[in-house]
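In the numbering used here, the protein residues as written are 2 to 388.
Spelled out as structure tokens, the structure:
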């Protein structure tokens, strides 16, 4: 399976990395000179043995790829790209609407060149509509798509999510579409155009917050670290910090109260709708029970009582956590100039259906993100049939 990745920044590159994790050969096409713009995004940077600085942002979304630098405004660059696309199964691009047409690689031209090609295109706000050509960056779309209106300590404190979630979901949704198109191609023998956007990817995961408006007519607002429809569910202070709990049903409420000697029928708190309506009283009720306890003691007691609970970990703690390591969520790769580096690993694992064991991941040996044009000569030789 050959993927030609023309994308840059994050949404498209993340999609390409996902397909690379699943075993595809992914060739990343970059502009000569600086390449993908994220190669310059930092600090932080890591310094290689060649004295160059490498962006940790770029390293996060480009493993399992080869790199070739092509000037797509030149005849040679377009000719090499045409040869690649003639052989490809999947194209990924996240140019603004119209750019591919101007380069001579519009959807109709690509379908003529390679009728089996699946063309995946990711834009900021969609390919059509009154704002279809608008440039979209993650935080801008988080705001425009309503996510920031749901996130923060209160209505006057809209906050972005701490990772570029619009970009990441755009890439993930693009891959879902590509996999469906690959399945369809087995039957039809023809490719498909798959389109996703950062806007659609955020609106598409509004979930119950969306139906609060579309069905109930409520306009949700930020509520900090507490769930808008379940209580108690959130971050609660204790003697030396805080813990998180999720009391998602009345059985758990009964068990929670029994563990801490509380009355589950306390007026105003006897049912979830009541607790949601009296959120501040519910928080005070729980934090009053937690005030004399340290977090580790609380987590042990909550676990014994069967109450879903947890701590808030730093990333240092996350990547040192045995559970994270056991799930293959950290992978070590050998970079061309940085040596051995650790990267966040792929989230999907595969097992044999007969239960004999894990088929490990679709790709057992991961490759480091490439340096710019690291594989350019080898790819050109392959296209010429010399290798």
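Note that beta-carbon positions come from the ideal geometry of N, C-alpha and C, so glycine has one too.
Distances from the alpha-carbon of residue 338 to those of 321, 353, 372 put 372 closest. The beta-carbon distance between residue 136 and residue 153, rounded to whole angstroms, is 25 Å. This is too long to meet the 8 Å contact definition.
Counting only runs that start and end inside the segment 41-66, the alpha helix (DSSP H) elements of at least 4 residues fall at 57-60. In this chain, the alpha helix (DSSP H) harbouring residue 177 covers 166-189. Per DSSP, reduced to three states, the secondary structure at residue 231 is coil, with no helix or strand assignment. Inter-residue distance for residue 304 and residue 198 is about 41 Å (C-alpha atoms, whole angstroms). The beta carbon of residue 64 lies closer than 8 Å to those of 18, 21, 22, 332, 334, 344, 367, 368, 369, 370 in the same chain, with the five residues before and after it left out. Judged by DSSP secondary structure, residue 197 falls within the beta strand (DSSP E) whose first and last residues are 194-198. Pairwise C-beta distances place the segment 92-108 in contact with the segment 6-13, as three or more of them are shorter than 8 Å.
The bridge partners DSSP lists for residue 244 are 237. With contacts defined as CB atoms closer than 9 Å, residue 4 and residue 73 fail to qualify as a contacting pair. According to the DSSP assignment, residue 368 belongs to no beta strand (DSSP E), since it is labelled neither H nor E.
In terms of Cβ geometry, residue 221 and residue 150 form a close pair [threshold 9 Å].
Taking the Cα positions, residue 383 is about 11 Å away from residue 88.
Within the same chain, 9, 10 come within 8 Å of residue 38 by CB-CB distance, once the 5 residues on both sides are set aside. DSSP places residue 123 in the strand class (E or B) of the three-state scheme. Collapsing the DSSP output to three states places residue 26 in a strand.
When the Cα atoms are used, residue 84 and residue 114 turn out to be separated by approximately 9 Å. Along the segment 85-158, the alpha helix (DSSP H) occurs as fully enclosed runs of 4 or more residues at 100-103, 108-114, 139-145, 148-151, listed in sequence order.
One alpha carbon belongs to residue 216, the other to residue 208, and they sit about 12 Å apart. Boundaries of the alpha helix (DSSP H) harbouring residue 319: 316-321, taken from the DSSP string.
For residue 262, there is no enclosing beta strand (DSSP E), as DSSP marks it with neither H nor E. Scanning its chain for C-beta atoms nearer than 7 Å, with the 5 sequence neighbours on each side dropped, one finds around residue 98 the residues 124, 128, 133, 134, in chain order.
The segment 282-292 makes contact with the segment 223-240, as at least three CB pairs between them are under 8 Å.
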